[in-house]
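So the structure is just underneath, and the comments pick up after that.
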Amino acid sequence: MEASYERPDKRRIDELRKIKIVPSVLSRAEGSAYIEWGQNKAIVGVFGPREALPQHIQDPTKALVNYVYRMATFSVPDRKAAKPGRREIEISKVSGEALERAIFVEKFANTTIDIYAYLFDSNAGTRCAALTAASVALADAGIPMRDMVSACAVGRANGTIILDPCKEEEDAEDAVDMPLAIMPRTKEVVLLQMDGLISKEDWKKAFELGVKGCLQVYEIQKSALKEKYEKVKKEEQAVIEYLNEQLESAEDAEGSGETLAGGENLER
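For the sequence shown, the numbering used here assigns the number 2 to the initial residue and increments by one for each residue that follows.
See the structure below:
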């Protein structure tokens, strides 16, 4: 079946959809990131660490990680209710727990780290896209982390194990959807869910393919952050060069004034 299976978007069975990540897109957040993952579009803002209020929710041993996942009412073909549904609440909980595993929460007692993920457009794999962007936003905020969190989905459609299923593949009769998130350096699993039934052999194959996909996502995350800091470095260098030019001009002008004054004194 795998050899003959043709995916709806013509990708290979082990190929991710196109992913684009842009850090630092929100001026009022400590850290932020925008992601396009296939048709999925999401923006994530990180606020904190800041004092947890009301005080009775404070934990004297660690920071609280508050992750909020929301889909815009216009993000799906059939307009969804503005009120968060059970699915959004569940995704918020498991994604927050995944990120907490990576953050040094013990360094920020009695505080909260608020992470808001907002989906504008969706086409399968939204929790993985949002979680991937959230990890970049945390790094953008400078919050100490053990590692990035990289996520992608793997599954089965039409008898074939596939990486990063699209919506049409998620709706296949024999579909299995398995969102996965890891910390890439150690390959520690921080999120693993599955919808559907699958054999032990296929599960192992799917898991191995999912880890490979997460590692590809990790490289994209690193590239996005590297590009951001290279841009910042260039901007800082341009400012330094400009200030040096202004300083040299001021020194030249001051030197010319001293010569003129000296010449006037000689003429006298």
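Cβ atoms here follow ideal geometry from the backbone N, Cα and C, with glycine treated the same way.
Taking one beta carbon from each stretch, the region 139-159 and the region 176-188 have 3 or more pairs nearer than 8 Å; the two touch. By the neighbour-count criterion, in which a residue is buried when 16 or more other Cβ atoms sit within 10 angstroms of its Cβ, I144 is buried. Burial is judged here by how many other beta carbons sit within 10 angstroms of a residue's own beta carbon; I183 has at least 16 and is buried.
Residue environment: Y243 is assigned as exposed (fewer than 16 neighbouring CB atoms within 10 Å of its CB, all protein chains considered). A direct Cα-Cα distance of roughly 24 Å separates F208 from E89. The Cβ-Cβ distance between I104 and N67 does not fall below 8 Å.
Going by DSSP, A152 is part of the beta strand (DSSP E) stretching over 151-158. Residue state for G197 is assigned as coil, using DSSP reduced to three classes. In the DSSP secondary-structure assignment, G126 is not bridged to any residue.
Proximity to M146 across P78, D122, A130, A99 peaks at A99, based on C-alpha coordinates. Annotated three-state conformation of D178 is strand, per DSSP. According to the DSSP assignment, K21 belongs to the beta strand (DSSP E) that extends over 20-24.
Cβ neighbours of G97 within its own chain (closer than 6 Å, five residues either side excluded): V66, Y68. A direct Cα-to-Cα measurement between E249 and G256 gives close to 10 Å.
Counting the other CB atoms within 10 Å of its CB gives Q238 a total below 16, which places it among the exposed residues. Cβ neighbours of T74 within its own chain (closer than 6 Å, five residues either side excluded): R80, K81, A83. In the displayed model, L192 falls within a strand according to three-state DSSP.
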